[in-house]
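Please read the structure below before turning to the comments.
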Amino acid sequence: MATASEVAEKAEREDIRLRWLLSAPALLIVFLAALGPLLIVVVYSFLTPGNYGDVKWQFSADAWVSVLFERDVFDDTLSFATAYLSIFWRSVSLSLATTVLTLILGFPTAYFIATRPDHQRDIWLFLITIPFWTNLLIRTFAMQEVLRNDGIINSALQALGVTDHPIQLMYTNFAVLAGMVYVFLPLMVLPLYASIEKIDFRLVEAGYDLYATRFDVLRRIIIPLVTPGIVAGSILVFIPSLGAYVTPRVLGGGTNLMIGNLIELQFGAGRNWPLGAALSITLMVIVMVALLFYVRNTTRSDGAHG
Numbered sequence: 001m002a003t004a005s006e007v008a009e010k011a012e013r014e015d016i017r018l019r020w021l022l023s024a025p026a027l028l029i030v031f032l033a034a035l036g037p038l039l040i041v042v043v044y045s046f047l048t049p050g051n052y053g054d055v056k057w058q059f060s061a062d063a064w065v066s067v068l069f070e071r072d073v074f075d076d077t078l079s080f081a082t083a084y085l086s087i088f089w090r091s092v093s094l095s096l097a098t099t100v101l102t103l104i105l106g107f108p109t110a111y112f113i114a115t116r117p118d119h120q121r122d123i124w125l126f127l128i129t130i131p132f133w134t135n136l137l138i139r140t141f142a143m144q145e146v147l148r149n150d151g152i153i154n155s156a157l158q159a160l161g162v163t164d165h166p167i168q169l170m171y172t173n174f175a176v177l178a179g180m181v182y183v184f185l186p187l188m189v190l191p192l193y194a195s196i197e198k199i200d201f202r203l204v205e206a207g208y209d210l211y212a213t214r215f216d217v218l219r220r221i222i223i224p225l226v227t228p229g230i231v232a233g234s235i236l237v238f239i240p241s242l243g244a245y246v247t248p249r250v251l252g253g254g255t256n257l258m259i260g261n262l263i264e265l266q267f268g269a270g271r272n273w274p275l276g277a278a279l280s281i282t283l284m285v286i287v288m289v290a291l292l293f294y295v296r297n298t299t300r301s302d303g304a305h306g
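Letter 264 of the sequence shown, counting from 1, is numbered 264 in full-length UniProt numbering, and no numbers are missing.
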């Protein structure tokens, strides 16, 4: 006779086995749709580029070497690939600047929405999400109409007598930065709003009762309480801006490439699929580091609040 504990243990094992069987189709789809293509990219990064694109099935680590180094044509000596490194630096710096600017603009916007009466918040959130109804390419072209030589900004400056001739805004790092801030700003506002809405504003009133200044209340009460929203919004903005392709392509022209444009160039005109694959994996590693930073800081924040 089996004891009650043995019967319970057997039932638990059967339940676990049934759960695995039920989740097997979903796990298979995840593997084929996500891990499968990723595995192909990893394999391609260790192959030899073909003559007209594609790859030759010959092992080579040249693609990974080319990510950071370039080989001299005459003596095969290696030196840092300054062109690629400058693109990486431009991508990271513009992504960080986009994150900071969206935080500066998004925080007061989210705070304003969160402090409105309940019947008004849905309207403001509706207005924030309207840009998502339009294709990213259309929004980028709309930003082009603002920044070009005969666009809104230059026309207004000349009408006010500030400048006599158009200022070159298009096809610069400023144009790329402005476009990405415009595109990704809602991704910062929404998580900030979700965090600010949960604040017990009696704590803010208590701070004022204790003669705290507005800056002290912001620094010592509000910001610590909304830190998870700040970190989440920063990650939601930094990651897609780091891999942005459309915005730098349209607003930056061919002289202000970012990592996404460089990867597309290798798979297209460059016909160097292994290098494109290696660059893609490098971008993914940078994103993973950012995610680990997010998880680490979120865990610390939760522990501090606990």
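In this text, a Cβ means the ideal position worked out from N, Cα and C, and glycines have one as well.
Distance, residue j Cα to residue i Cα
i	j	result
residue 146	residue 209	46 angstroms
residue 258	residue 118	42 angstroms
residue 279	residue 92	14 angstroms
residue 131	residue 59	46 angstroms
residue 13	residue 30	25 angstroms
residue 45	residue 273	7 angstroms
residue 237	residue 218	23 angstroms
residue 43	residue 261	21 angstroms
residue 68	residue 88	10 angstroms
residue 161	residue 168	17 angstroms
residue 207	residue 230	22 angstroms
residue 163	residue 148	15 angstroms
residue 184	residue 102	7 angstroms
residue 121	residue 114	7 angstroms
residue 40	residue 281	11 angstroms
residue 214	residue 222	10 angstroms
residue 128	residue 37	34 angstroms
residue 106	residue 85	31 angstroms
residue 251	residue 177	9 angstroms
residue 144	residue 182	12 angstroms
residue 193	residue 234	13 angstroms
residue 295	residue 141	35 angstroms
residue 7	residue 21	21 angstroms
residue 285	residue 173	24 angstroms
residue 180	residue 191	18 angstroms
residue 351	residue 290	There is no way to answer for residue 351, as the model of the chain reaches only from 1 to 306.
residue 74	residue 90	30 angstroms
residue 82	residue 200	51 angstroms
residue 27	residue 18	14 angstroms
residue 165	residue 171	17 angstroms
residue 270	residue 196	47 angstroms
Beta bridge counterpart(s) of residue i as assigned by DSSP
i	result
residue 51	53
residue 93	Looking at the DSSP assignment, residue 93 forms no beta bridge with any residue, so it has no partner.
residue 31	In DSSP, residue 31 forms no bridge with anything.
residue 79	70
Local conformation of residue i per DSSP, three classes
i	result
residue 38	helix
residue 202	helix
residue 71	strand
residue 59	coil
residue 46	coil
residue 116	coil
residue 3	coil
residue 134	coil
Residue i burial status per 10 Å Cβ neighbour count (16 or more: buried)
i	result
residue 159	exposed
residue 288	exposed
residue 244	buried
residue 55	buried
residue 307	There is simply no residue 307 to check, as the chain begins at 1 and stops at 306 in what is shown.
residue 99	buried
residue 254	exposed
residue 247	buried
residue 16	exposed
residue 239	buried
residue 52	exposed
residue 211	exposed
residue 277	buried
residue 268	exposed
residue 61	exposed
residue 241	buried
residue 110	buried
residue 249	buried
residue 175	buried
Minimum Cβ-Cβ distance from residue i to chain B less than 9 angstroms
i	result
residue 168	The structure shown contains no chain B; it is built from a single protein chain.
Enumerate, from N- to C-terminal direction, the unbroken alpha helix (DSSP H) stretches of 4 or more residues contained entirely within the segment 224-283.
227-242, 246-251, 259-267
Contained alpha helix (DSSP H) runs [length at least 4] in the segment 137-216, N- to C-terminal order
Listed in chain order, the complete alpha helix (DSSP H) runs (minimum 4 residues) inside the segment 137-216 are 152-159, 173-197, 202-209.
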